[in-house]
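The structure under discussion appears below in the form of structure tokens.
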Amino acid sequence: MEGRDLVREGTIERYKENPAFAQKMGMDAHNPENISLYTPAALTSAEQWGMTVDLNTCTGCNACVVACQAENNVPVVGKEQVRKNRDMAWIRIDRYFAGEPDEPEMLAQAIMCQHCENAPCETVCPVNATVHSEDGLNLMAYNRCIGTRYCANNCPWKVRRFNYFDYNQRPLDQLYWGPLAKKGMADSLKMAKNPNVTVRMRGVMEKCTFCIQRIEEAKISRLVEAGPTPKSKTPISAFKTACQQACPNDSLVFGDILDPQSRVARLRGSERGYTMFDYLNTAPRVTYLTRIKNPNPKMPGADKVGAANRSYTANKSHVSSTPNPSEARQP
Amino acid sequence: MTDEQIIRPPLVLNKRTMGWISSYISSIVEDKTPTWWWVSMGVTVPMTLMCLACLAYLVATGVGVWGNNHPVGWAWDITNFVFWIGIGHAGTLISAILFLTRQKWRTSINRAAEAMTLFAVVCAGIYPALHVGRVWMEWFLVPVPNSNGIWQNFGSPLQWDVFAVSTYFMVSVMFWYTGLIPDLATVRDRCTSKIKKFVYGVMALGWRGGNRQWRHYEKAYLILAGLSTPLVLSVHSVVSFDFAASVIPGWHATIFPPYFVAGAIFGGFAMVLTIMIPACGLYKPLRDLVTADHVDRMCKVILLMSAIIGYTYLMELFTAWYSGNPFERAAFYYRAFGPYWWAYAAMILCNVLVPQMFWSKYFRTHLVWVWVIVQFPNVGMWLERFVIVATTLSRDLVPSAWGMFHPTWVDVCTFAGTFGLFATLFLIFIRFLPMICMFEVKAVLPAADPHHEEAR
């Protein structure tokens, strides 16, 4: 993790001492309060979507990744392109290792578009292809996107995915043939696509939409239920995003953060909750819940459990700055 | 104040006359096409075609033919864009700022430097125009009414780029062409063939050299110089906003605008010397117009700019350390010691260390040495942009998303091809247009000064 406190964890003792310890970890311990020069457009919708990721229960099984791929028509790019760092996954599991190299502890963290309220991707798009909706979603207008890739560069989470080739129209072994490659999609592949989700062409950017097709479906069925002139507010029927639906441990929770009854709203208020890169003031809609470990003190190496964040283990107020690749490793 | 007057060295050597200047500069255009010109074109035209072929392949196939990938969304494309647009700064600086500050030595180099500016901006323009995923939808960048009812995002630095670069190109073309008109008329008047007379005649826009025309010309030139001067500073500032206005550590820095402008002048002057020295080698009498004194002054500008960017490199490191921000510190740590350490080290060598040789007058006045030394800024400025664009993206905030950039053959051939395009345009320029501004050089002759002897 390079001493960056992206994944936060601690022991039960630490939690008992201060349940909100993770909110003041690393840089967040001493950052001044964020001030914005701009007044962002008001988020006027009655529902505001958000998600929480519980690092306590996430095992890094990748079921969410597969579910998302299937739900959202995420193209398969082939191993050659994956090796070139051109995979298209909208959600990924980041793995970090802590502790001793011969007996490492693994930390898994699901990363998807954080639907930042002050999204850095939106401000840099020259053609307004990525914009914000009233219900707090960071939208991609595929047919407006010209593919400058500036949004992806300016994303601190690096979750935006660019269609470097026409993955849906050309055979994967002929990607470099250009117009000489066979064009078109096999009928069997066409049938495998989700009809509610756009199939993207080459040259456009894409990323997690919080399963906007499911959100819209729920909203439309509410309209149907409420009739043309609703007298009172009809609640939106329950639905899940694809990743949430696939998660065996309920680590991913999605919903309306304004509804105090919703699970996501309660989890967001948890003292374990923290958002990444708070100093950038992007106001992400994804909240991570700190991993709390409770090792048996008699277990060998128990003192090394729950100690991935160097700022805590070294008992310093903030992270030492010079990155030392030997202490924490990337996957 | 004293009555003593500084006696400046003559700007034109060997007591060349007005007549000689007209006939020699025009003869370059009028004489039979030299063999070396055909040989050079034989190299540069295929290179240009290679560039065009690579671009056609890129547009037909997808941006994936380049090495760009997921952390590194911009790599050689934007590196080359900033590299070329930087080179395109010297011309306007020499023409506009040195004109307004009454630096008379600019007269013999401004025409070629301006032409170089235009050709460099042409090469630069290729990249932002064609690096996007859907080139055919690029008109979305232009604020025209459309059925989608979507307006541009005027908060995006890329949108500013569109306006900054196109404005710069248009004003530079006007400035260059306005300065060409009296000389085109000279060439027209000397032409013997009917076709040439007609073509140069049309291009000279009916210039007769009357008093009134000169008055208008001088006014227009002054106004255009005034318009261009802020552009010299604004274009590269706006280009730097592409990075400075982002949130990525290593890009998000307030020092970027002056840093980029200094780098652009540095690289631009190096490129002017890179092409002017061989041109003077091919046309030896030009050495009376572009003298060792000119080269000396340009080398001094390069030395000054080298000092400014050297300061900036140090200041960037200091700021990263002083900020206490671990992400900023890591970005600069990896710049210097990460997997692209070689690019950073070579950049320091080329941009800061080697130009220090210009402290010595010997290296500033011996043309072969100058030519060799200015190749280092040429390379170094490309590396600087590569370091800023690609190495920053390769290791930013989330370590899990780190990744290296590897150029493909298409990256390399496209970039090499832009040099072919640049050289082809320049060869066409020196063959068909007077490459030295004849009437301005005549104005700095001692003979043009009515108070010549009296002033002493």
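Residue numbers (this note's numbering), protein chains in the order written: chain P, 17 to 347; chain W, 668 to 1123. Glycine is no exception: its CB is placed at the ideal position from the N, C-alpha and C atoms.
Residue i at chain W interface by Cβ criterion, 7 Å
i, result
"P:A58", "no"
"P:D110", "yes"
"P:Y355", "Absent from the structure is residue 355 of chain P, since the part of chain P shown begins at 17 and ends at 347."
"P:V143", "yes"
"P:V23", "no"
"P:G76", "no"
"P:I162", "yes"
"P:L296", "yes"
"P:R230", "no"
"P:T55", "no"
"P:T139", "yes"
"P:G194", "yes"
Sequence-distant residues of its chain with Cβ nearer than 6 Å to residue i (five each side left out)
i, result
"W:A929", "M972, I975 and I976"
"P:N50", "N297"
"W:D1063", "I915"
"P:D272", "E63 and S278"
"P:L123", "V23, Y112 and A324"
"P:C84", "W106, I107, A258 and C259"
"P:N78", "I109"
"W:A987", "E995, R996 and F999"
"W:L722", "L797"
Length of the line joining the Cα atoms of residue i and residue j
i, j, result
"W:N1018", "W:E1051", "9 Å"
"W:D744", "W:F830", "19 Å"
"W:L1016", "W:A1010", "10 Å"
"W:W827", "W:P1074", "28 Å"
"W:H919", "P:K198", "44 Å"
"P:T306", "P:P91", "32 Å"
"P:K249", "P:N169", "41 Å"
"W:V799", "P:A86", "28 Å"
"W:P993", "W:F999", "10 Å"
"W:L760", "W:T896", "7 Å"
"P:E138", "P:H148", "8 Å"
Outcome for residue i when other beta-carbon atoms lying within 10 angstroms are tallied against a minimum of 16
i, result
"P:Q125", "buried"
"P:Y54", "exposed"
"W:V710", "exposed"
"P:R284", "buried"
"W:R875", "exposed"
"P:E33", "exposed"
"W:I659", "The requested residue 659 of chain W is not part of the displayed model; chain W covers only 668 to 1123."
"P:R24", "buried"
"P:K174", "buried"
"W:V899", "buried"
"W:G948", "exposed"
"W:I862", "exposed"
"P:Q97", "buried"
Cutoff 7 Å: residue i Cβ touching any chain P Cβ
i, result
"W:T746", "no"
"W:L1060", "yes"
"W:I817", "yes"
"W:R801", "yes"
"W:S833", "no"
"W:G977", "no"
"W:M717", "no"
"W:W741", "yes"
"W:V914", "yes"
"W:A1068", "yes"
"W:G822", "yes"
"W:A791", "no"
"W:G729", "yes"
"W:H919", "no"
Sequence-distant residues of the same chain with beta carbon closer than 7 Å to residue i, five excluded per side
i, result
"P:F181", "L191 and R218"
"P:R102", "V93 and Y180"
"W:I944", "L1034, V1037 and W1038"
"W:G740", "L1060"
"W:F927", "H903, S904, V906 and S907"
Contacting residues, own chain, Cβ-Cβ under 8 Å from residue i (five flanking each side not counted)
i, result
"P:T60", "E150"
"W:F1082", "W743 and N747"
Neighbouring residues, chain C, relative to residue i (Cβ below 9 Å)
i, result
"P:T291", "Looking at the structure shown, chain C is missing, and the protein chains on hand are P and W."
Ignoring anything shorter than 3 residues, give me the beta strand (DSSP E) runs that lie fully in the segment 912 to 985 of chain W, in order along the chain. none
Beta strand (DSSP E) runs contained entirely in the segment 257 to 295 of chain P, provided each spans 3 or more residues: 268 to 272
What ranges does the beta strand (DSSP E) occupy inside the segment 66 to 151 of chain P, keeping only unbroken runs of at least 3 residues that lie completely in it? 108 to 116, 119 to 127 and 146 to 148
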